[in-house]
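These protein sequence lines are chains A and B, in that order.
Residues in the first sequence are numbered consecutively from 1, following this note's numbering.
Residues in the second sequence are numbered consecutively from 1001, following this note's numbering.
Number of protein chains: 2
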Amino acid sequence: MKAMHFELDARLAADTHPLARFALCELRLMDDANYPWLILVPRVVGARDLIDLDPQQRHQLSDETDRSARLLRDAFRPHKLNVAALGNVVPQLHVHVIARFEEDPAWPAPVWGRVEADPYAPEALIERIALLQGLLRG
Amino acid sequence: MKAMHFELDARLAADTHPLARFALCELRLMDDANYPWLILVPRVVGARDLIDLDPQQRHQLSDETDRSARLLRDAFRPHKLNVAALGNVVPQLHVHVIARFEEDPAWPAPVWGRVEADPYAPEALIERIALLQGLLRG
Chain A
1 MKAMHFELDA
11 RLAADTHPLA
21 RFALCELRLM
31 DDANYPWLIL
41 VPRVVGARDL
51 IDLDPQQRHQ
61 LSDETDRSAR
71 LLRDAFRPHK
81 LNVAALGNVV
91 PQLHVHVIAR
101 FEEDPAWPAP
111 VWGRVEADPY
121 APEALIERIA
131 LLQGLLRG
Chain B
1001 MKAMHFELDA
1011 RLAADTHPLA
1021 RFALCELRLM
1031 DDANYPWLIL
1041 VPRVVGARDL
1051 IDLDPQQRHQ
1061 LSDETDRSAR
1071 LLRDAFRPHK
1081 LNVAALGNVV
1091 PQLHVHVIAR
1101 FEEDPAWPAP
1111 VWGRVEADPY
1121 APEALIERIA
1131 LLQGLLRG
C-alpha cells in the first residue's frame, strides 16, 4: 500500500535535525559539523526527481532553496554555495544546500563520499539550530 | 575591466559542446560518454551562485532545468536524474543535469571525481547531438 500522506524517509530523518517548516518543504540540518549543510524535502508524496513536481511546486522549491542558501550565506559567509538534488542512495526527493569553504575537508570536490560525517556535539547542535532559527525569524 | 557581455567560461567551453540556446541558458553536452550529461549556463554576466539570479531568472532556470531533465529522461530512460549547481572549480554559474544508471561507472556515488572523462568519438558525438536536438525540436 502506497502512503497517501507525506512521510520523511527514515534515513533522512536519522541523518538530519528539523529546523523549519516552509510552505512546500521541510527544512532540516544535516548532522555533519564538517559543513553547514541544509536539506530541503518537499512534502510531495512519491516525488523522486525534480521533474515529478508540477511547475508551481518547482518554482516554490526554487524560492525555498534560495531562502535556504541566503540563510547559509548570512550565517557563515561561505566561499561558495553548493545546491544539488541527487537521490541515488535516498530516492525521496531532497535538495542539498551546502556552504563551502576553501578550508573545508572536501574542497574543491563535492562533499559526498569524501570524509566521514562528524555529528554535532549536543551543545554545538543546540547553538547551531538556535543561530539558524534566529536568522529565519529575523 | 569587467566584461559587460556574457562570455562562456573557457573551461566550460573546452569540456562541452553546444546543443541549444534557451531563453536564459546555453544548453551544452558534457564531452564524457560515461554519462548522458548536460550543462546549463545562464547568460547572466558575473553570476556565480543561484542566489545571484533574480526571482524571474531563477524560475526560468528551473523551467529550463526541467526541460533538460525531461529531455534526458525521454532519450535514455535513466534510473535517476542528478541536478546540481556546484561551481567549486569553475565559478561561472552552471547547472549539471545528469542521467544516472545503476550500471554507470560511478553509481551510486555522484559522478564528480570518480572516473576519468571518456570523450565521445567523433561519430558518436554527432549521433548524440543529433538525437538530442531532434527531441528538442520534436
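Glycine included, each C-beta is placed from N, C-alpha and C at the ideal position.
From the beta carbon of residue i, is the nearest beta carbon of chain A less than 9 angstroms away?
i, result
"ARG1077/B", "no"
"LEU1024/B", "no"
"ALA1013/B", "no"
"ARG1021/B", "no"
"ALA1009/B", "Here residue 1009/B turns out to be Asp, not Ala, going by the sequence shown. No, its Cβ sits nowhere closer than 9 angstroms to a Cβ of chain A."
"PRO1055/B", "yes"
"TRP1112/B", "yes"
"ASP1032/B", "no"
"ALA1121/B", "no"
"ARG1073/B", "yes"
Quickly, what does DSSP pair residue i with across the bridge? List them, please.
i, result
"THR16/A", "MET30/A"
"LEU1040/B", "LEU1027/B, VAL1095/B"
"ARG21/A", "GLU26/A"
Using a Cβ-Cβ distance cut-off of 9 angstroms, determine whether residue i contacts chain B.
i, result
"ASP49/A", "yes"
"ASP66/A", "yes"
"ARG128/A", "no"
"HIS59/A", "yes"
"ALA117/A", "no"
"ARG70/A", "yes"
"ALA124/A", "no"
If you drop the 5 nearest sequence neighbours on each side, which residues of the same chain put their C-beta closer than 7 angstroms to that of residue i?
i, result
"SER68/A", "LEU27, LEU38, LEU40, VAL97"
"ALA130/A", "none"
"PRO1114/B", "It should be noted that the sequence gives Arg, not Pro, for residue 1114/B. Hits under 7 angstroms: PRO1105, ALA1106."
"GLU64/A", "PHE22, LEU24, CYS25, LEU40"
"ASP15/A", "MET30, ASP31"
"MET4/A", "VAL45"
"HIS1079/B", "ARG1100, PHE1101, GLU1102"
"LEU71/A", "LEU132, LEU135, LEU136"
If you drop the 5 nearest sequence neighbours on each side, which residues of the same chain put their C-beta closer than 8 angstroms to that of residue i?
i, result
"ASP52/A", "VAL44, GLY46, LEU93"
"GLN133/A", "LEU19, ALA20"
"VAL90/A", "ASP9, ARG11, LEU12"
"GLN57/A", "LEU24, PRO42, VAL44"
"ARG1073/B", "LEU1081, ALA1099"
"PRO110/A", "ASN82, ALA84"
"LEU1061/B", "LEU1024, CYS1025, LEU1040, PRO1042, LEU1050, LEU1053, VAL1095"
"LEU1086/B", "HIS1096, TRP1112"
For residue i, which residues from the same chain have a beta carbon less than 6 angstroms from its beta carbon, with the 5 sequence-adjacent residues on both sides left out?
i, result
"PHE1076/B", "PRO1036, ALA1099"
"ALA1033/B", "ASP1118, TYR1120"
"ASP1049/B", "none"
"LEU1136/B", "ALA1020"
Any chance the CB of residue i is under 8 angstroms from a heavy atom of the ligand ZN?
i, result
"GLY1138/B", "As far as ligands go, the structure on display features none, and thus does not contain the ligand ZN."
- For the region 1079-1092 of chain B, enumerate the residues whose C-beta is nearer than 7 angstroms to any C-beta of chain A, in chain order. LYS1080, LEU1081, ASN1082, VAL1083, ALA1084, ALA1085, LEU1086, GLY1087, ASN1088, VAL1089: these are the residues of the region 1079-1092 of chain B whose beta carbon lies less than 7 angstroms from some beta carbon of chain A, given in chain order.
- Item | Inside the region 64-107 of chain A only - beta strand (DSSP E) runs reaching at least 3 residues | 80-85, 95-100
- Message: To be precise: take each residue of the region 1094-1107 of chain B, compare its Cβ to all Cβ atoms of chain A, and keep it if any distance is under 8 angstroms. Which residues remain?
- Response: ARG1100, TRP1107
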